[in-house]
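Undergrad:
Protein chains: 2
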Amino acid sequence: MEEKVDLLKKANIYFDGRVTSRNYTNSEGVVKSLGIMLPGEYKFGTKAAEHMEIISGKLEVLFAGMESNWETFQGGSSFEVPANSSFEVKVEEITDYCCTYLNE
Amino acid sequence: MEEKVDLLKKANIYFDGRVTSRNYTNSEGVVKSLGIMLPGEYKFGTKAAEHMEIISGKLEVLFAGMESNWETFQGGSSFEVPANSSFEVKVEEITDYCCTYLNE
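Chains A and B, in that order, give the protein sequences.
According to our numbering, the first sequence is numbered sequentially starting from 2.
According to our numbering, the second sequence is numbered sequentially starting from 2.
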């Protein structure tokens, strides 16, 4: 449970609804979003660096500049993406995630 | 913005991810969920009565016992469903909604 957070009601909707998320700010002022990715292939860009916690599901991730070195992540694992970068994902199982936007 | 709410991180996932939602409890102790419905046809049952606020999107709703009297709802509108009832929806445009579980 994330306690005493400020939750933005309006959803973020990407890729025709196959990826959606909700932004919130926790009690320490950290901005996060809880999201769902349906099976499929997507590419995301980052402004701030991001910490991606996989709550449940399964996906492969290709970090920018890593040529074809796809890495698999499942529920309970996490990864980070630098600021002003990008990453591609191949979602194999519906993935529930929490993204934390990092201040650097 | 919904301020100082307690947000459950794990998503509710229905109909193979075509309907997903997040539960939270607001500062007055009212339980709500923010959800997304992708285009399609779904049937929902209610335990507690529900107030459904349509944040954006477009859907038709058939309330239990209303035979074929489908009603259209869009962003900015809302409807209520009694406790221990059901309703069917035909989602025409990705629908972002807020469901409030009513105490009766």
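Even for Gly, the Cβ is constructed at its ideal location relative to N, Cα and C.
By how many angstroms is the C-alpha of Y43 (chain A) removed from the C-alpha of E89 (chain A)?
TA: Looking at the two C-alpha atoms, the distance is approximately 6 Å.
Undergrad: Taking the beta strand (DSSP E) that D97 (chain B) belongs to, which residues open and close that run?
TA: Unbroken beta strand (DSSP E) run through D97 (chain B): 87-103.
Undergrad: Please specify which runs of the beta strand (DSSP E), each continuous and at least 3 residues long, are wholly inside the segment 5-62 of chain A, giving them in chain order.
TA: The qualifying runs are 13-15, 20-26, 32-38, 41-46.
Undergrad: Applying the 10 Å Cβ sphere with the 16-neighbour rule, what's the burial state of G66 (chain A)?
TA: G66 (chain A) should be labelled exposed.
Undergrad: Which same chain residues, not among the five before or five after P40 (chain B), have their C-beta less than 6 Å away from its C-beta?
TA: Same-chain partners within the cutoff: V92.
Undergrad: On the three-pair Cβ rule with 8 Å, is the segment 62-77 of chain A touching the segment 24-33 of chain A?
TA: Not touching, per the Cβ criterion.
Undergrad: Name the chain A residues whose beta carbon is nearer than 9 Å to that of K10 (chain B)?
TA: Near K10 (chain B) (Cβ distances below 9 Å), the residues of chain A are M2, E3, L35, E54, I56, D97, C99.
Undergrad: So with CB distances below 7 Å, who are the chain B contacts of V6 (chain A)?
TA: The answer, in chain order, is V6, L8.
Undergrad: Less than 7 Å between the beta carbons of E4 (chain B) and D7 (chain A), yes or no?
TA: A contact, by the Cβ cut-off of 7 Å.
Undergrad: Put E68 (chain B) into one of helix, strand or coil per three-state DSSP.
TA: The answer is coil: DSSP assigns E68 (chain B) none of H, G, I, E or B.
Undergrad: Provide the residue(s) that pair with S79 (chain B) in DSSP beta bridges, ordered along the chain.
TA: For S79 (chain B), which the question treats as bridged, DSSP gives the partners B:E54.
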